[in-house]
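In the UniProt record's numbering, the protein residues as written are 1 to 279. In this text, a Cβ means the ideal position worked out from N, Cα and C, and glycines have one as well. First the structure, in the form of structure tokens, and then the observations on it.
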Amino acid sequence: MATYAIGDLQGCFEEFEALLARLDFSPSRDHLWLAGDLVNRGPDSLGCLRKSMALDGAVSVVLGNHDLHLLAVARGHGKLKRHDTLTDILEAPDREAMIDWLRRQPLLVEDRTRHCVMTHAGLLPNWTLDQARALAREAQSVLASDTVDDFLGAMYGNVPARWDDALTGTDRLRAIVNVFTRMRFIAADGTLDFAAKEGLDSAPDGFAPWFTYPRVPEPAGVRPTLVFGHWAALEGHTPDARVDARALDTGCVWGGSLTAMDLDSGSLIVEPSRQGKAA
């Protein structure tokens with residue numbers, strides 16, 4: 001049995017199928033981790049979402065910012081943007097089943113035997129694993145609940161930009177979701193920057209990639225491997241990392257590649273993109 005973690009699909013269904021074939025992936029034998037952003041910007045968001053659902057017990061998914069955007073639009077709390085490719089999902093006959101499945105996916109997936117944790121954007125350095133687990137469950141319980149619309153209606157926004165244990169209500173949930181799904185550059189005090197989205201040289205003054213800060217100590221000296229997507233401009237590299245961080249978004253939708261990592265060996269398996277190079 002092998003477990004593979006795959007970076008952002010973003011509607012690149014043809015590449016997803018080809019990568020699974022390259023892995024000789026068998027749902028009855030192997031397991032798959034998907035690092036979020038299953039949908040949007042690519043040509044077949046519907047195919048990616050349906051395939052992920054069909055894998056059922058053979059797949060573990062974390063929500064990404066594009067997945068949450070789909071949820072908000074589907075529930076009437078957001079508007080389609082110019083480059084969104086979500087219409088096929090929104091007009092599909094099985095739309096409600098897909099939306100209901102998606103909103104019940106977690107923000108954090110973990111294999112404690114391998115000491116491996118996956119979120120879409122990363123993990124705040126001053127959160128212990130216990131705290132991260134609890135906060136992920138807190139937000140997920142709302143997304144999966146009958147009160148999901150209350151949050152989706154207020155989900156968009158950049159404040160508060162810094163985590164505080166005393167946060168409550170919508171501000172607290174928005175801060176949790178922003179860390180798990182939108183984080184790139186942070187300041188030493190944990191403040192998130194939401195404007196810079198390109199490579200490392202785009203860091204604002206006083207900010208650095210989240211993975212370049214040391215993590216708070218864990219019990220028994222556990223040093224988790226942190227698997228994440230979200231940041232295509234890294235091209236799979238995490239220079240100057242102070243943690244064991246594995247960047248798996250290699251920009252398939254922008255003409256790069258779709259990358260899988262074997263969680264046991266750490267080896268990478270790459271499927272070239274069929275999409276045009278970004279301008």
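Measuring straight from C-alpha to C-alpha, what distance separates residue i and residue j?
{"i": "residue 233", "j": "residue 253", "result": "12 Å"}
{"i": "residue 52", "j": "residue 59", "result": "7 Å"}
{"i": "residue 98", "j": "residue 54", "result": "11 Å"}
{"i": "residue 246", "j": "residue 238", "result": "7 Å"}
{"i": "residue 129", "j": "residue 152", "result": "26 Å"}
{"i": "residue 176", "j": "residue 21", "result": "36 Å"}
{"i": "residue 269", "j": "residue 261", "result": "6 Å"}
{"i": "residue 203", "j": "residue 156", "result": "22 Å"}
{"i": "residue 236", "j": "residue 207", "result": "20 Å"}
{"i": "residue 102", "j": "residue 63", "result": "8 Å"}
{"i": "residue 167", "j": "residue 174", "result": "10 Å"}
{"i": "residue 164", "j": "residue 32", "result": "33 Å"}
{"i": "residue 148", "j": "residue 231", "result": "27 Å"}
{"i": "residue 100", "j": "residue 65", "result": "16 Å"}
{"i": "residue 94", "j": "residue 87", "result": "13 Å"}
{"i": "residue 278", "j": "residue 118", "result": "Residue placement at residue 278 is flagged as unreliable, the pLDDT there being 44, under the threshold of 50; the coordinate-derived value follows with that caveat. Those two C-alpha atoms are separated by around 27 Å."}
{"i": "residue 61", "j": "residue 192", "result": "24 Å"}
{"i": "residue 113", "j": "residue 225", "result": "11 Å"}
{"i": "residue 158", "j": "residue 182", "result": "10 Å"}
{"i": "residue 144", "j": "residue 34", "result": "19 Å"}
{"i": "residue 26", "j": "residue 5", "result": "14 Å"}
{"i": "residue 14", "j": "residue 273", "result": "9 Å"}
Return the first residue and the last residue of the alpha helix (DSSP H) that residue i is part of.
{"i": "residue 133", "result": "129-143"}
{"i": "residue 69", "result": "65-74"}
{"i": "residue 98", "result": "95-103"}
{"i": "residue 18", "result": "13-23"}
{"i": "residue 197", "result": "It is not in any alpha helix (DSSP H) - residue 197 carries neither H nor E in the DSSP assignment."}
{"i": "residue 265", "result": "Where residue 265 is concerned, there is no enclosing alpha helix (DSSP H), given that its DSSP letter is neither H nor E."}
{"i": "residue 166", "result": "Unbroken run through residue 166: none, as it is neither H nor E."}
{"i": "residue 28", "result": "Element bounds for residue 28: n/a, residue is neither H nor E."}
{"i": "residue 47", "result": "45-55"}
Give me whichever residues DSSP pairs with residue i in a beta bridge.
{"i": "residue 110", "result": "117"}
{"i": "residue 246", "result": "227"}
{"i": "residue 271", "result": "258"}
{"i": "residue 60", "result": "33"}
{"i": "residue 192", "result": "186"}
{"i": "residue 251", "result": "257"}
{"i": "residue 209", "result": "185"}
Could you please give the first and the last residue of the uninterrupted beta strand (DSSP E) stretch that includes residue i?
{"i": "residue 87", "result": "Per DSSP, residue 87 belongs to no beta strand (DSSP E); it is in the alpha helix (DSSP H), 87-90."}
{"i": "residue 155", "result": "Element bounds for residue 155: n/a, residue is neither H nor E."}
{"i": "residue 5", "result": "3-6"}
Could you give the C-beta distance for residue i and residue j, rounded to a whole number, given that I count them as a contact under 8 Å?
{"i": "residue 281", "j": "residue 258", "result": "There is simply no residue 281 to check, as the chain begins at 1 and stops at 279 in what is shown."}
{"i": "residue 115", "j": "residue 180", "result": "Not a contact, Cβ separation roughly 19 Å."}
{"i": "residue 56", "j": "residue 11", "result": "In fact, because the Cβ distance is near 21 Å, the residues do not count as touching under 8 Å."}
{"i": "residue 209", "j": "residue 194", "result": "Contact doesn't hold; Cβ gap of about 14 Å is too wide."}
{"i": "residue 48", "j": "residue 9", "result": "5 Å"}
{"i": "residue 229", "j": "residue 249", "result": "4 Å"}
{"i": "residue 90", "j": "residue 72", "result": "Not really, about 12 Å apart at Cβ, beyond 8 Å."}
{"i": "residue 211", "j": "residue 276", "result": "Contact flag wrong, Cβ pair sits at about 30 Å."}
{"i": "residue 160", "j": "residue 216", "result": "No, residue 160 and residue 216 are not in contact; Cβ-Cβ is about 20 Å, not under 8 Å."}
{"i": "residue 106", "j": "residue 131", "result": "With a Cβ gap of about 15 Å, residue 106 and residue 131 do not count as contacting."}
{"i": "residue 78", "j": "residue 69", "result": "6 Å"}
{"i": "residue 36", "j": "residue 67", "result": "6 Å"}
Would you say residue i touches the ligand GTP, meaning its beta carbon is less than 7 Å from a heavy atom?
{"i": "residue 93", "result": "Ligands in the displayed structure: none, and consequently the ligand GTP is not present."}
Report yes or no: is there a C-beta of chain D within less than 8 Å of the C-beta of residue i?
{"i": "residue 19", "result": "Note that chain D does not occur in the displayed structure, where there is just one protein chain."}
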